[in-house]
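Structure first, then comments.
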Amino acid sequence: MPMYQSSYQLIAHKGAFTTEQKEWSRQYFIDEVAPKMERIIAQEQQWLERLPLIVPRTNDTSSREELLQSIRLRFKE
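Reading the sequence shown from the start, the letters are residues 1 to 77 in our numbering.
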């Protein structure tokens, strides 16, 4: 599970940015971030194909949730 899943959200006030700033941000993501993420995802998929499949136990859900919660709390601190 990628580490960013526990910390990828950004909270901003709706009126904190101008329309131009919002458009610049969208365009920057489309032009710069999205292509890089696509390359990274493709590389990760190739790497993952070489690993054996690990199926988590269904009765282990609470411990995974606790782990993710502790990670979020550490990032918050």
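We put the CB at the ideal spot given by N, CA and C, even for glycine.
Annotation: residue 50 is outside any alpha helix (DSSP H) and is labelled neither H nor E by DSSP. Per the coordinates, the alpha-carbon of residue 62 lies some 44 Å from the alpha-carbon of residue 20.
The DSSP-derived three-state label of residue 75 is helix. 65 is the residue among 65, 40, 46 whose C-alpha sits nearest the C-alpha of residue 56.
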